[in-house]
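Here is the structure we will look at.
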Amino acid sequence: MSILSPQNSIPDALPGPPFFGALLRVVWQHVRDRMLQAIHEAGFTDFQEAHFAVFSFPLPDGMRPSDLARQKRMSRQAVNYLLSQLEDLGYVERRAATGSDRRLVYLTPRGHEVVAAIFGCLRQLHEQWSKEVGKERFDDFVDVLKQLSTKAQEPTNG
0 MSILSPQNSI PDALPGPPFF GALLRVVWQH VRDRMLQAIH EAGFTDFQEA HFAVFSFPLP
60 DGMRPSDLAR QKRMSRQAVN YLLSQLEDLG YVERRAATGS DRRLVYLTPR GHEVVAAIFG
120 CLRQLHEQWS KEVGKERFDD FVDVLKQLST KAQEPTNG
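Each residue of the sequence shown is one higher than the one before, counting from 0 in numbering that gives the first Met the number 0.
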């Protein structure tokens, strides 16, 4: 059953359900599925969905693992677990930066190939969805997402 089925409607002053959060989740999961498919089709069949936690914007090239954990809102242990997997698979390496003892995370050539597969997939989706909903509507959608993303990253006065 689709989340858009009439059985999911509740009378209320607000539109929905499904509410925008559910719709964003469905679309985001579709994007992730397409990216994972593109990665596997590019020959990286050992790349797992969990690895997107590291291979997401902004990429961790030259970043400390603790900063990566903070940025991704994950525990250091979880990030180090994923980094160990990705190192074993040859997608990232941890090495000290020049003149420093601190080990930073760097993408390997294999990791950069995964990024190229992801970016290629996203460009295809952008083109496909622009055709499906119209270029102007899709550009407006992307502009709204950029605005909301910027606002979401601002500190809150909680």
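The C-beta atom is built at its ideal place from N, Cα and C for all residues, glycine as well.
Taking one beta carbon from each stretch, the segment 145 to 156 and the segment 69 to 79 have fewer than 3 pairs nearer than 8 Å; the two do not touch. Counting only residues of its own chain and dropping the five nearest sequence neighbours on each side, V78 has a CB closer than 7 Å to the CB of P64, L67, A68, K71. Inclusion of F18 and V114 in the CB contact set at 8 Å is not warranted, their separation being larger than that value. For Y90, the secondary structure class from DSSP, reduced to helix, strand or coil, is coil. Looking from the CA of E92, the closest CA among G61, L121, R75 belongs to G61.
Its Cα nearest to that of P59, the residue T107 stands out among E153, T107, S129, W128.
Taking all protein chains in view, the Cβ of F43 is crowded by 16 or more other Cβ atoms within 10 Å, so the residue is classified as buried. In this structure, DSSP gives V53 a state outside helix and strand, which the three-state scheme calls coil. In the DSSP assignment, the residues bridged to V104 are M62, R93.
In summary, A96 is exposed, with fewer than 16 beta-carbon neighbours lying within 10 Å of its beta-carbon over all protein chains present.
For S148, the enclosing alpha helix (DSSP H) starts and ends at 134 to 151.
Cβ-Cβ distances below 7 Å link A52 to K71, M73, L81 in the same chain, with the five nearest sequence neighbours on each side left out; the list follows chain order. Looking from the CA of G110, the closest CA among E153, D87, E126 belongs to D87. With a beta-carbon spacing of about 7 Å, A41 and E112 fall inside the 8 Å limit used to define contacts.
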